[in-house]
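Single-structure report; data block below.
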Amino acid sequence: MKRIILVFSVGLMVTLAACKGKNKTENADQQTTTAEQPAESTPAATAPANEPKTYTVAFSPDSVYLGKNKEAFVRIRNAKAVELADADGKVTGTEITYELEVTNKNQVGGRGVFVNPGDFRLQLDNGNNITHDNYNSVNVDAESTKSSTDNKFKLPAGTKPKSLSLFYDETRVSVGVEMK
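As numbered in mature numbering (1 follows the signal peptide of the UniProt record, and there is no 0), residues -17 to -1, 1 to 163 make up the sequence shown, in order.
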């Protein structure tokens, strides 16, 4: 009987000691959070210094006709670029993301249009051509429009885009690319 009471008492003391320690750390966490809140709400801190650098990307022209019979009307929209960096802050390149909108100009009952951005080439200022890092193909029925999002090019560090060559049905059109 004495052993049971002794074991129960020791267990109760350990439990109370553990709970007391948690309350102190919770109170300490609450105090530090309340101390940090006024510092965050100051109007002087508008943008954090560690935010990635972003650019706007302009294509000119932003829409073109492709195909032997000009049956595919392609528009490039919502283009943006983000500077990529490693854990040490060294710039590793730039990622360009855009949306591709394709309109099939064939009459109802005509053939569909399949545009594969994997065939597109981005020419850089150093003369190299690169392909997509990620892309989504578009299959468009006659007299309809579909979009392809999340198309990405990853540029090497220190390079800028110069032009984008679009391919469809053995036809090629180049559009200028400017990163601001």
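In this text, a Cβ means the ideal position worked out from N, Cα and C, and glycines have one as well. Quick caveat, the model's predicted, so the values are computed rather than measured.
Taking all protein chains shown into account, residue 64 has 16 or more neighbouring C-beta atoms within 10 Å of its C-beta and is therefore buried. Residue 57: member of the beta strand (DSSP E) spanning 55 to 68, first to last residue.
Annotation: residue 89 is outside any beta strand (DSSP E) and is labelled neither H nor E by DSSP.
Under the three-state reduction of DSSP, residue 42 is assigned to strand. Within 10 angstroms of the beta-carbon of residue 59 lie 16 or more other beta-carbons, which makes it buried. Distance from the CA of residue 135 to the CA of residue 113, rounded to the nearest whole angstrom, comes to 11 Å.
Looking at the DSSP output, residue 139 shares a beta bridge with 76.
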